[in-house]
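Below: one structure, written as structure tokens.
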Amino acid sequence: MVDIASVVAGAPIDSRIVRLAVAVGLGLFLGLEREWSQKAAGIRTFALISVLGTVFTTYDRAMCGADGACLPLLSLAGAGFVAVLATVLMLNGLRGRSAGEDASLHLTTAVSLLVAYGVGLLVGLGDLLPATVVAVTSSLLLVFKRELHELAWGLSAAELRSTAEFAILAFVVYPLLPPGTYTLGSGTYSVAIEPRVVWLMVVFVAGIGIANYAVVKTYGGRGIAVTGFFGGLASSTAVVGTMLDHVAERREAVDYAVAGILLANAAMALRNLVIVAAFTLGYPRGAPLAVGVPLGVVALGSIALAWRVADWRTSVDIDLSSPFSMRNALGFGLIFLLIVAGSALTRASLGTLGFYATAAVSGLVSSAGATTSAVVLYRTGELSAHETSVAVTLATAASIVVKVGLAATSTDRAFGRRVALASLGLLVVAGLADATVALL
1 MVDIASVVAG APIDSRIVRL AVAVGLGLFL GLEREWSQKA AGIRTFALIS VLGTVFTTYD
61 RAMCGADGAC LPLLSLAGAG FVAVLATVLM LNGLRGRSAG EDASLHLTTA VSLLVAYGVG
121 LLVGLGDLLP ATVVAVTSSL LLVFKRELHE LAWGLSAAEL RSTAEFAILA FVVYPLLPPG
181 TYTLGSGTYS VAIEPRVVWL MVVFVAGIGI ANYAVVKTYG GRGIAVTGFF GGLASSTAVV
241 GTMLDHVAER REAVDYAVAG ILLANAAMAL RNLVIVAAFT LGYPRGAPLA VGVPLGVVAL
301 GSIALAWRVA DWRTSVDIDL SSPFSMRNAL GFGLIFLLIV AGSALTRASL GTLGFYATAA
361 VSGLVSSAGA TTSAVVLYRT GELSAHETSV AVTLATAASI VVKVGLAATS TDRAFGRRVA
421 LASLGLLVVA GLADATVALL
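For the sequence shown, UniProt numbering gives the first residue as 1, with consecutive numbering after it.
Structure below.
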């Protein structure tokens, strides 16, 4: 008996059909928010325009060949048609405004139509991943309209200026740095660094702080989960300080204050894990993935305990200092370089144990700085994967110990005791899990 399902599943599918299906899906995705917002062009229009771009591109490639031996006339004509359509939308909006109506100018919808056509062109060319990235990113910009506006309107003049400075720091300085690996110092007391990778790490960590500052500013009033976790990524010290203030003011704050600090620990552990993964995955030497065990235990365990001890809907406001500052990024960069140099020197003079001690001490100041320095030394061959994992784990543990120490200064002894028991207990479990994996 013939298995119809197997025959259908095994039938070859024309790649052009797949591209058309992808174009429809991405067009629908782009038009979803416009339809929900009841704009002039909705979900069907966007899907059809994406399909139009794919069909025209496919036809032009068939006529001109893959090497582009002729002008893609149909694709150009389609672009012209969409541009005219977008212009008509904007003129209609202007006409409504001039008539005194509270009409939209349709600027965003007009530009979105051009983006949808561009997505269709990319799909027709076979660039499915770039097309998907463009569609998803554009859709996110449409969906988070209110949040983006609130963030922009909430910036002070100084923060706006600092944002421009940070952009210069991130995107102008990088190409000026030399590629490759360079050695600082000589002989035993030398350290190899990759200037561009170091700069990317500084910008990456600063970018994490900025993104989470924006999240806390926008959603901070929606519960301790947002305040503790995302606030911990922006500034764990600020989270601990806020929780200490709340506990000092009212006794019933102890539960959610403990949860807030645990969530800050979880965020810090996940951030360090992301730093390791982002700069070692795909590297020729491989990634020190063993660090994922202790950091994963700390992160997941902290989240689970926080969920049990408090109502996450409890609203807590936190006062964060603005990360939109070149001084903050350069300050982290300086700390980072000092940790790299100190780690290399102690390893050369005192061996591996000396390096571990430096990682732990550095974690008391900045676990992100200690983590990035370990990754830099790993990438240049100064450290093994095991040494890197141990260093990152020690830096993370040291940062947690600092929070335990700060919590112990609270006038409420029960608060400090609960933070210590939960945090140090998780560190013990993380250490046992790491040792177990190492023995396997």
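All C-beta atoms, glycine included, are put in the ideal place defined by N, C-alpha and C.
Note that the coordinates shown come from a computational prediction; the quantities given were computed from them, not determined experimentally.
Within 10 angstroms of the beta-carbon of alanine 257 lie 16 or more other beta-carbons, which makes it buried. In the three-state scheme derived from DSSP, where H, G and I count as helix and E and B as strand, threonine 237 is classed as helix.
In its chain, beyond the 5 residues on either side, Val24, Gly27, Leu28, Gly31 have a beta carbon closer than 7 Å to the beta carbon of alanine 47.
Taking C-alpha positions only, aspartate 60 is separated from arginine 19 by approximately 15 Å. Fewer than three pairs of CB atoms, one per stretch, sit closer than 8 Å, so the stretch 274 to 281 makes no contact with the stretch 236 to 243.
With a cutoff of 9 Å on beta-carbon distance, proline 195 and leucine 169 are scored as not near each other.
For arginine 271, the uninterrupted alpha helix (DSSP H) segment begins and ends at 254 to 280. Excluding sequence positions up to five before and after serine 423, its CB lies within less than 6 Å of the CB of Ile400, Val404, all in the same chain and listed in chain order. The stretch 365 to 380 makes contact with the stretch 337 to 349, as at least three CB pairs between them are under 8 Å. Collapsing the DSSP output to three states places alanine 438 in a helix.
Taking a 10 Å sphere around the C-beta of serine 162, we find 16 or more other C-beta atoms and assign the residue as buried. For alanine 47, the three-state secondary structure derived from DSSP is helix. With respect to asparagine 265, alanine 368 sits apart: the two C-beta atoms are not nearer than 9 Å. Restricting attention to Glu35, Ile49, Leu113, the CA atom closest to the CA of isoleucine 43 is found in Glu35. Non-local beta-carbon contacts of alanine 408 in its own chain, meaning distances under 6 Å to residues more than five positions away in sequence, involve Gly416 in chain order.
Residue pairing by DSSP puts threonine 183 in a beta bridge opposite Ala192. Three or more beta-carbon pairs separated by less than 8 Å link the stretch 354 to 369 to the stretch 381 to 401, which places the two stretches in contact.
The stretch 76 to 93 and the stretch 114 to 130 touch, with three or more beta-carbon pairs separated by less than 8 Å. Straight-line spacing of the CA atoms in glycine 154 and leucine 345 works out to 45 Å.
Serine 139: member of the alpha helix (DSSP H) spanning 128 to 143, first to last residue. Taking C-beta atoms under 8 Å as the contact rule, glycine 124 and glycine 53 qualify, at a distance of about 6 Å. A Cβ-Cβ contact shorter than 9 Å links isoleucine 210 with phenylalanine 166. Selection Tyr213, Phe171, Phe229, Gly228 evaluated against methionine 201 yields Phe171 as nearest (Cα-Cα). Within the model, the alpha-carbon separation for methionine 90 versus lysine 39 is close to 12 Å. Nearest in C-alpha terms to aspartate 434, of all of Leu305, Gly296, Ala348, Ala131, is Gly296. Counting C-beta atoms within 10 angstroms of its own C-beta, threonine 183 has fewer than 16 neighbours from the protein chains shown and is therefore classed as exposed.
At a Cβ-Cβ threshold of 9 Å, valine 419 and isoleucine 193 do not count as neighbours.
Taking phenylalanine 204 as the centre and dropping the five residues before and after it, the same chain places no C-beta closer than 6 Å to its C-beta. Between the C-alpha atoms of glycine 425 and valine 309 there is a straight-line separation of about 15 Å.
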